[in-house]
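The opening residue of the sequence shown carries number 16 in our numbering; numbering runs sequentially from there. So the structure is just underneath, and the comments pick up after that.
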Amino acid sequence: MVGVGLIGTGFMGKCHAIAWSAVGAVFPDATKPRLVHLGEINEDLARRKAGEFGFAKASGNWRAVVNDPEVDIVSLTTPNQFHPEMAIAVLEAGKHLWCEKPMAPSFAEAEAMAAAAKKSGKVAALGYNYIQSPAIRHIGALLDEKIIGEVNHLRIEMDEDFMADPEALFFWKHEASSGYGALDDFAVHPLSLVTTLFGRVASVICDMAKPYADRKLAAGGRRAVETYDIASVLMHLENGVAGTLQVNRSAWGRKGRIAIQIFGSKGSILFDQERMNEFQLYLTSDRPTEQGYRTILVAPQHRPYDLFVPAPGHSLGFNDLKIIECHELLVRLAGKPARLIEFAEGLEIERTVHAMARSYEEKRWVDVR
């Protein structure tokens, strides 16, 4: 039985805890993990969250989780700037690691994390749960079948509005120490889909923008915003496909949008994460009198939807994708191939993001490798 440690109990920490708790109930081949040790910034918060999430032990020092001999794998869900030190410590302690994205604010730190993972021989996976969607899995299968012919153009966008309010207070995601902003906070998710469905990005040209120059401080006064909430990218993939990527953390009305448009020589495919239980398919092979986009609802035939609910159209949710990802991780821990983005592949996503940022700084096309 796998012993689980958790460091960080915010949005994604709770998501990991739910996944570890539910994976054995959803997947019959999964041995139920044991929730061993939870770490937070202080003892009181740790004890409260351990009680809520079902962990046996709680500590106000994250190193206590890392050094616990009963812990086999650590879920790391802290803010980005803490990932490098914590991830490397986990791997050097001989533990497996499930780390939320992105890897780190700087590419050098991400490289150090990937090197530590390689040296440890342990599984080090990143939290790219959107690639686990049954709809995305089936879209990948359709692309492999070339049902829309040869793909020639890809458009992908990610938008949310949690930074859209100009009166919202300054917080840690506005600090340069957290990264570039929308590029590494958001763009890594669309890039995980690009990587999974099409492969690597070859070259990019990027523009970034700040919708608000400064933000109010809780204690009074204002502070300059150091990150960019908006990024627009032209890109060429290594397989020859042309593409665009647009991301925005200040897009009023958008809540969890990752919109994909895939255009081929014989049709096209559309998907939007805000409607994650359906996608649209257009085929030129249809009779002209009936040609048009058909909406395909996710159903038990689109595995592993069937393990959650036996009826089509009843819908999965965000946390369900994390449960699927958790199962893939357990499959990988058993020594079998799994649908995961591990540190080596994740480093290529980081490389692409940093190439985009360099393109913005240098105002030119940049080769990713």
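Using N, Cα and C, we set each Cβ at its ideal position, and we do this for glycine too. Everything numeric in this text was worked out from a predicted model, so none of it was measured.
- With respect to the C-alpha of P117, the residue from D199, G214, E305, A104 having the closest C-alpha is D199.
- Sequence-distant Cβ neighbours of Q276 in its own chain, meaning closer than 6 Å and more than five residues away, are R170, L285.
- Under the rule that a run must span 3 or more residues, no beta strand (DSSP E) segment is found entirely inside the segment 195–220.
- Here DSSP, grouped into helix, strand and coil, assigns W267 to coil.
- When beta bridges are read from the DSSP output, T310 appears opposite Q295.
- Non-local beta-carbon contacts of G75 in its own chain, meaning distances under 7 Å to residues more than five positions away in sequence, involve E55, I56, N57, E58, A61 in chain order.
- Cα atoms of V248 and L206: separation of roughly 12 Å, rounded to the nearest angstrom.
- Within the model, the alpha-carbon separation for I220 versus A119 is close to 22 Å.
- Contiguous alpha helix (DSSP H) elements confined to the segment 323–354 occur at 333–348, taking only those with 4 or more residues.
- In the structure shown, the three-state DSSP call for R379 is coil.
- Membership of L53 in any alpha helix (DSSP H) is not indicated; the residue belongs instead to the beta strand (DSSP E) covering 49–54.
- Looking at the backbone, the Cα of S135 and that of G361 are separated by about 17 Å.
- The straight-line gap separating the alpha-carbon atoms of I22 and K161 is approximately 43 Å.
- With fewer than three CB-CB distances shorter than 8 Å, the segment 141–151 does not count as touching the segment 250–264.
- The beta carbon of A359 lies closer than 8 Å to those of A129, A132, K133 in the same chain, with the five residues before and after it left out.
- If you draw a straight line from the Cα of A139 to the Cα of S218, it is about 27 Å long.
- Here A370 has V219, V381, V383 as same chain residues with Cβ atoms under 6 Å from its own Cβ, once five neighbours each way along the sequence are excluded.
- In the three-state scheme derived from DSSP, where H, G and I count as helix and E and B as strand, R237 is classed as strand.
- Of the residues assessed, E253 falls on the exposed side of the cut-off, its CB having fewer than 16 other CB atoms within 10 angstroms.
- Residue environment analysis places M173 among the buried positions, since at least 16 neighbouring C-beta atoms fall within 10 angstroms of its C-beta.
- In this model, T367 and V203 are separated by some 9 Å (Cα to Cα).
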